[in-house]
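Note that the UniProt record's numbering has the sequence shown beginning at 1, numbered continuously upward.
A virtual CB, placed ideally from N, CA and C, is assigned to each residue, including glycine.
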Amino acid sequence: MSVQFSQAVVGEMNLNIEIEKIKRKIASGIILFTGAGFSKEAKDYNGKPIPLGAELANELWDIYFPGQPKDQSTLKDIFHHARKKDPKRLVAFLQSRFRINTNELPKEYQEYINFPWGKVYTLNIDNIWESIYEKFDGPFHINPISCTSDRNHSRGYNRNLDIVHLNGTLSDLPNNVTFTDEDYGLVLTKENPYYSEFSSEFMRQMVIFIGSELEESVLWKYVNYRHPRKKIHGEKEFRPESYFISPSLSLARRNLLEDYNVTWIKMTATEFAREVLTKLRIEATIVVSDRLARISRRSDNATIPIVSDKIKVSKAGYSKSSFFLGQQPEWDDIVHQNLIKRELEIEVEAHLQRVLESPTLYWSEIPAVVVYGTAGDGKSTSLMNLMYKYNNLGSKIGWISSEDDIPLHSLKKYIRNTANLDILVLDDADSYGIEVFDLIKEAYFEKLVKLVIVIVRSGRWLAIESEAKTKNIEIVSVVSKKLNFREINDLLKILSETSMLGKLKSLSSEERIRVFHDRSSADSQLIAALIEATSGRKFDETIASEFSELDELKKSIYALLSIPTSLRLGLDDIEISISLGCTGNELLNALDKLEKARLIVKRKNGFQLRHKIVGQKVFEELISLGIVLEYFNKLSFGTAILINNGKHDQKKLKNIRKFCINHKRVIEFSGNNYYKSKEFYEGLETALKDDYQYWLQRGSFELEKGALDIAEICLINSLSLNQKDDIVHIQYADLKMKKANSSQHEEDARALHNEAKSTLLAMIQKRGFKDPYPYHILAHQGQIWLLRSFVKDIEKDALKGEFKYVLDEGVKKHPLDDQLKQLRIDFYKLYFDTLKIS
C-alpha cells in the first residue's frame, strides 16, 4: 500500500521507516530520476525561476505570437512553431532561461551533489548539475551525457557521476532536443539504449523520482518492461521499492505507481533534501569514502587470490548435493570434504613432495607440473582438494581461475605483489597459451614461487607440448584418467551418504560399480558419469531434456547463458534482461527458480549454467535447433547497450560480443548461407556501427565470400576506428592480395600486391612467432600471383625463392599447423619437385 508523508501530518514514524529502507540501499547505488520540478527552486541569470511547462508555454507564446490572446495551444505545438519560424531566437531564449545562476542556488542542492548516486537520469535540458557542482564541489565529477546527439561520451569512470539527459542538453538546441510530438514520435519508432538501460536498472535498483509527472510516452514504453506486480501465487516481489517525490499526486496515478512497487512521498525536491537526505549524511559519507578509497587503490597493488582466503568465504545457500547434480566444484565442497580422493591427486602430490622438500634435488631445471585431461573430468576438483591439504599444512598457495580474469600481461605483477608463494595453480590456463611458460621461468628466477601447476584441456596441451618443452622448464605432465574401482567405490559411498544414488538405489553393489565402469563413453568426464549413473539416462539426453522442459522465459535465459558459460563467463541480471529485452518481476522470479533448481549458479562474473560442460552441450543444442544466431543477435545488441553504459565489465562483454559476431561462426551456423549471414550482420549495423570488431568480422565474411568491394568498405571502416589491431591490417592485406590477383591492369595489380606483401612481411616479423595466419595468406595468394601472365621468369624465380623461405620459416615456427604444412608441400611439388621436404 502506498503512503504519503507531510511535515504537517503526524507521520514521522512512517517517514523514519522509509529513511531506513533508503539507508540500506545507499551502498548499492541508488538512481535519481529528475524532471522539471527538480529545478523549480533554481533561477536564471536574470533572477527568474526556471519555468515549468505552462510557464514556458506562456513565455514562448508572447515571443512568437505577440499581442494575440493565449489559446489552447500546447507547449509542444508552440515549440514546433518557434523552431520552424526563428530557430536562432529560440536557442537564445532557451539558453537564457535554462542556464542556471550558480549564486542563486538554494543550499539544499548541496545534499544532492554530496550523495553517492549510482547515476542520474533527467528529462531536463538545463545545466543545473554543472551549477550545483560548481557551487558546492561534490566528491564526484559531473559527466553530462546527451541521449539525442551523436557525440561520443566517456562513461563508466569511477570518479564520474553520469548525468543522462534523456531529452538532450542546451548544446543540442534547437533540432536535437526532444520537445514536440514529432520528436517523441521519432524516439518511439526506434530502440533507445539509454531508456533500455534505465528500464533494466529500474528492475533491480532503487530509483528516486523527483519533479517528474512521469507522463512521457517514451518513458512508459520502457518502464512497462518492469511489469506491474502480478498476483501470482507463490511469486515473490524481487523489485526493490522505489520512491516518487512530489507535493501532489492524483489517486489514479498513485495506484498505478503502486503496481510498480513505487511509493509516494509528499514533498518537494528541497523538502526531500532537508527531511530525508540530511538524515542520511553519515551513511552517505561512509559510502562516498569507501568508493573513493576503492578508486584510489592502484592495480599495482593487486595480488594473486590465496587459497587460505578462498576457503574462508562460504557461499550462501551451499548444498552438498549440488556437485553431484553437475555443478562445478566450489571451495565449500572441499572444506566439507564432499569429494573423493582421485589417483590424479595422489600422482601430483608425489611430485609436490619432491619439489617442496628439496627443490634442487630432483629438478635440473625450473619445476612445473602440467595437469591435462578432458573438460569436466575432475582435474580442478582434485587439485582443489590437494591444495586444501597443503594449505592446512602451512603452504602459501595462489589459485587463479578464469573467474579471476587476470590477463597474462598483468600476471607477473600480481605474482610479484603476492611474493613468497610455495605453489601457484593456474586453473583453466588454456587462454594463456605458450607464453605462460616464459612467465613461469621469470617468476622462478626471481624466487617469487617454488612450483607452478598448470591445468589445461588435453587438446590445448597437445598443441603446445612440444614448444613448451623447449623453454628450459622441467615439465612433468599428468593426465586425468577414467574412474578406477577404488574411486568408484568411494564415490558410491558418498552418493549413498548424501542420498544422491538416484536410479542406482535399486541396483546391487556390483551393478552400481558396473554402471560407472562400463559407461559407453570412454572419456573421463566425471560430471557426465555422475549424471548418467544417477539419472539412468545418457548425459546428452539429460541436458537436452532439461532444456526442452523449461517454460519459454526460463528456456530463453538458459539458452542465453549457455553461450557465456561455454566461454567460462557469466551475465548478471541486468545484462540478461537487456540482452533478452525482458525485465520485471517475472524475470527475477525465473532466475530465482532456475538458481533454486540448481540449473544456474551465481558466480563472480554473473549467472552461469551449473557447469561449463553443460553450457557447451546446451550451446550445441542451440546449433542443432538452428537458433544459435538468434541468441548471438540478442547478446550482440545487449552488449552494445551495456558497453555504452560503461559501468559493466567491459572486457567480459567485448569477449562475448567478439565470439558472437565472429565471421567463421556466423558462416558455419547459417549453414554457409550467404544471405542469412549477410542479414545477420546488416541487422546489427545500427547497434555496432562504432565497433571496429563488427566491421572487421563483417568485412572478413564478405572477403571470404568473394564480395571484395563490400569487404573493402567494411575493412576501411574498421581501420578508421582502430589502427592498432594487427588483424585488421592483415585482413586488409589479404583483400589487396585478392584484388591484385584478379585485377586486369598490371600497374594496379603490382601496386596492390607490393603493398599487401609489405604489410604481411611486416606482420610476420612482428607476430609470426605466435600467428601463422600471415604465412597462410602470403603463401596461398603468392602462389596465385606467380601464375599471372605478366610475371616473367626472372621475377618468378626470385619470388619462388622468397615464398619458399617464408614457408620454411612458417613451418619451423608452427610445426603443428597442418594447413601451413600442406601449403608448403603443394608449393614444393609445383615448383621444387626435385627438392626433398625436410
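Residue from Y828, E111 and L170 with nearest C-alpha to K135: Numbered from its first residue, the sequence shown carries residue 135 at position 135. Comparing Cα positions, the closest option is E111.
Nearest candidate by alpha-carbon position, reference F244, set T374, L32 and L123: Here residue 244 refers to the residue found at position 244 of the sequence shown. The shortest Cα separation from F244 among T374, L32 and L123 belongs to L32.
From K23, L688, D734 and Y694, residue whose alpha carbon lies closest to that of E283: Here residue 283 refers to the residue found at position 283 when the sequence shown is read from its first residue. When each option's Cα is compared against that of E283, the closest is K23.
Which listed residue (A419, K736 and F272) has its alpha carbon closest to that of A302: Along the sequence shown, read from residue 1 onward, the residue named residue 302 stands at position 302. The shortest Cα separation from A302 among A419, K736 and F272 belongs to A419.
Per-residue DSSP class, three states only, for R603: Counted from its first residue, the sequence shown places residue 603 at position 603. R603 falls in the strand class under three-state DSSP.
Straight-line gap, S521 to Q328 (C-alpha atoms, nearest Å): Translated into positions along the sequence shown, residue 521 becomes position 521. Translated into positions along the sequence shown, residue 328 becomes position 328. Because S521 sits at a pLDDT of 43, beneath the cut-off of 50, its placement in the model cannot be relied upon, and the point is left open.
Cβ pair count under 8 Å reaching 3, the stretch 84-98 against the stretch 241-259: Two segments are said to touch when three or more pairs of C-beta atoms, one from each, lie closer than 8 Å; by this definition the stretch 84-98 does not touch the stretch 241-259.
Rounded distance between the beta-carbons of K654 and I643, thought under 8 Å: For the purposes of this step, residue 643 is identified with residue 643 of the sequence shown, where counting begins at 1. For the purposes of this step, residue 654 is identified with residue 654 of the sequence shown, where counting begins at 1. The Cβ separation is near 7 Å, so the contact holds.
Cβ-Cβ distance between S562 and V618 below 8 Å: Along the sequence shown, read from residue 1 onward, the residue named residue 562 stands at position 562. Along the sequence shown, read from residue 1 onward, the residue named residue 618 stands at position 618. Yes, Cβ-Cβ distance for S562 and V618 is below 8 Å.
8 Å Cβ cutoff met for S431 and S402: Position 431 of the sequence shown, counted from the start, is the residue given in the question as residue 431. Position 402 of the sequence shown, counted from the start, is the residue given in the question as residue 402. Yes, they are a contact pair.
Best match in L609, A36 and F485 for proximity to K554 [C-alpha to C-alpha]: Taking the sequence shown and counting its residues from 1, one reaches residue 554 at position 554. For the residues L609, A36 and F485, the minimum Cα distance to K554 belongs to L609.
CB-CB length for I473 against I440, believed under 8 Å: Looking up residue 473 in the sequence shown gives position 473. Looking up residue 440 in the sequence shown gives position 440. About 6 Å; that satisfies the 8 Å criterion.
E20, buried or exposed, once every other Cβ within 10 Å from all chains shown has been counted against 16: Counted from its first residue, the sequence shown places residue 20 at position 20. E20 comes out exposed.
N489 to G378 span [Cα, whole Å]: The residue you call residue 489 lines up with position 489 of the sequence shown. The residue you call residue 378 lines up with position 378 of the sequence shown. Cα-Cα distance, rounded: 16 Å.
Other residues of its chain near L567: CB distance less than 7 Å, five sequence neighbours each side excluded: Within the sequence shown, the letter at position 567 stands for residue 567. Excluding positions up to five away in sequence, the list reads N655, I656 and F659.
Inter-residue spacing [alpha-carbon to alpha-carbon] between P774 and K766: Walking along the sequence shown from the start, residue 774 turns up at place 774. Walking along the sequence shown from the start, residue 766 turns up at place 766. The straight-line gap from Cα to Cα measures roughly 10 Å.
Residue range of the alpha helix (DSSP H) that includes K738: In the sequence shown, counting from the first residue as 1, residue 738 sits at position 738. Start and end: D726 to S742.
The stretch 707-726 in contact with the stretch 692-699 per 3-pair CB rule at 8 Å: Result yes; three or more Cβ-Cβ pairs closer than 8 Å.
Nearest to V515 (by Cα), restricted to the options L492, S499, S496 and G581: Locating residue 515 in the sequence shown gives position 515, counting from the first residue. Among L492, S499, S496 and G581, the Cα nearest to that of V515 belongs to L492.
Local conformation of L778 per DSSP, three classes: Position 778 of the sequence shown holds residue 778. Here L778 sits in helix by DSSP.
Exposure of D428, with buried meaning 16 or more beta-carbon neighbours within 10 Å: Counting from 1 along the sequence shown, the entry for residue 428 is found at position 428. Buried.
Residues near E130 by beta carbon distance below 6 Å, same chain, minus five either side: On the sequence shown, residue 130 is found 130 positions in, with the first residue counted as 1. Correct list, in chain order: I142.
Three-state secondary structure assigned by DSSP to V313: Counting from one through the sequence shown, the residue named residue 313 turns up at place 313. Looking at V313 - three-state DSSP - the assignment turns out to be coil, as it is neither helix nor strand.
Which listed residue (R603, E630, F539 and K596) has its alpha carbon closest to that of A559: The residue you call residue 559 lines up with position 559 of the sequence shown. Among R603, E630, F539 and K596, the Cα nearest to that of A559 belongs to E630.
Residue environment, D259, which counts as buried when at least 16 other CB atoms sit within 10 Å: For this step, residue 259 is matched to residue 259 along the sequence shown. The residue in question, D259, is exposed, as its Cβ has fewer than 16 Cβ neighbours within 10 Å.
Pick from D808, K792, A751 and H745 that is closest to H776, judged by C-alpha positions: In the sequence shown, counting from the first residue as 1, residue 776 sits at position 776. Among D808, K792, A751 and H745, the Cα nearest to that of H776 is on D808.
Rounded separation between L501 and L344 - CA only: If you number the sequence shown from 1, residue 501 lands on position 501. If you number the sequence shown from 1, residue 344 lands on position 344. Cα to Cα, the separation comes out at about 24 Å.
Three-state secondary structure (DSSP) of Y184: By 1-based counting over the sequence shown, the position of residue 184 is 184. Three-state result, Y184: helix.
Buried or exposed by the 16-neighbour rule on C-beta atoms within 10 Å, applied to H745: Your numbering for residue 745 matches position 745 in the sequence shown. Classification for H745: exposed.
Euclidean distance between Cα positions of D826 and V456: For the purposes of this step, residue 826 is taken as residue 826 along the sequence shown, with counting starting at 1. For the purposes of this step, residue 456 is taken as residue 456 along the sequence shown, with counting starting at 1. The alpha-carbon atoms of D826 and V456 are separated by roughly 34 Å.
Straight-line gap, K602 to R281 (C-alpha atoms, nearest Å): Position 602 of the sequence shown, counted from the first residue, corresponds to residue 602. Position 281 of the sequence shown, counted from the first residue, corresponds to residue 281. Rounded to whole angstroms, the gap between the alpha carbons of K602 and R281 is 33 Å.
Segment limits, alpha helix (DSSP H) that includes I764: The residue you call residue 764 lines up with position 764 of the sequence shown. Counting along the chain, the alpha helix (DSSP H) containing I764 begins and ends at E746 to R767.
For K341, three-class secondary structure by DSSP: Residue numbering aside, residue 341 sits at position 341 when the sequence shown is read from its first letter. K341: coil per DSSP, three-state reduction.
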